[in-house]
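For the sequence shown, this note's numbering assigns the number 292 to the initial residue and increments by one for each residue that follows. Note that CB positions come from ideal geometry on N, CA and C, so glycine has one too. If you're wondering where the values come from, they're calculated on a predicted model, not measured in any experiment. Heads up, the thing below is written out as structure tokens.
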Amino acid sequence: MLRIVVLVLLLNLFIQSECKQFTRCGLVYELRRQGFPEAKMRDWVCLVEKESQRTTNIVSKPNKDGSRDYGLFQINDKYWCSKTSTPGKDCNITCRSLLSNDITVASTCAKKIFKRHGFRAWYGWLNHCQTNLPDISNC
């Protein structure tokens, strides 16, 4: 019985170490470090909070078209990332690379999506952030 308890605790520790959940201010700091513009920072924070709850390893349930969304920014595999081990699609990355605690790859792709479509590319932002942005003044 003790072995099972130890195994469960180790497995839980391993699973927790595979992702990072940012605090709000931790996310603001990291987005600043990644070069996101201060003028849109509240929008980006809201988007990430609504899409992934600030968690790096989230993979969505299948969407109506069978595609899935990956990582902190919930980037869709239909257009932006490859589900195979070979980088591809518009961001020329694998979807797995979007699940890293190092959000550099995800940030670069999110900026590319934003450049083409603005925040309207994300339903989390469309449905929750257009009129109600989070307070980040203490960050």
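Rounded to the nearest angstrom, what separates residue i and residue j at their Cα positions?
i	j	result
Leu322	Asn348	17 Å
Ile404	Gln365	11 Å
Cys430	Leu417	24 Å
Trp413	Asp360	10 Å
Arg407	Trp371	12 Å
Asn383	Val339	22 Å
Gly357	Asp426	35 Å
Tyr448	Cys420	The question about residue 448 has no answer here: the residues shown for the chain are numbered 292 through 430.
Lys374	Val396	15 Å
Pro378	Val350	18 Å
Thr422	Gly409	16 Å
Arg428	Asn367	Just to set this straight, residue 428 is Ser in the shown sequence, not Arg. Cα-Cα distance, rounded: 31 Å.
Ser376	Ser388	10 Å
So, is residue i buried or exposed, given that buried needs 16 or more other C-beta atoms within 10 angstroms?
i	result
Lys355	exposed
Cys337	buried
Asp393	exposed
Thr401	For the sequence presented, residue 401 should be read as Ala rather than Thr. Buried, since its Cβ has 16 or more Cβ neighbours within 10 Å.
Leu298	Residue confidence is low: Leu298 scores 36 on pLDDT, short of 50, so the model does not pin down where it sits. Its coordinate-derived value is still stated next. It is exposed - the Cβ of Leu298 has fewer than 16 other Cβ atoms within 10 Å.
Met292	Caution is warranted here: a pLDDT of 48 is assigned to Met292, below 50, making its placement in the model unreliable, and no coordinate value can be reported.
Arg345	buried
Cys386	buried
Within this structure, are the beta carbons of residue i and residue j separated by less than 7 Å?
i	j	result
Ser343	Leu363	yes
Ser398	Gln325	yes
Lys352	Gly415	no
Please determine, among the options, the residue with the shortest C-alpha to C-alpha distance to residue i.
i	options	result
Leu424	Arg324, Arg333, Tyr320	Arg333
Glu309	Thr395, Thr422, Arg411, Leu390	Leu390
Asp381	Phe410, Lys369, Arg387	Lys369
Arg315	Ala330, Trp335, Pro328	Trp335
Hey, could you find the ends of the alpha helix (DSSP H) residue i is sitting in?
i	result
Arg315	315-324
Leu417	414-419
Ser398	395-408
Trp335	332-343
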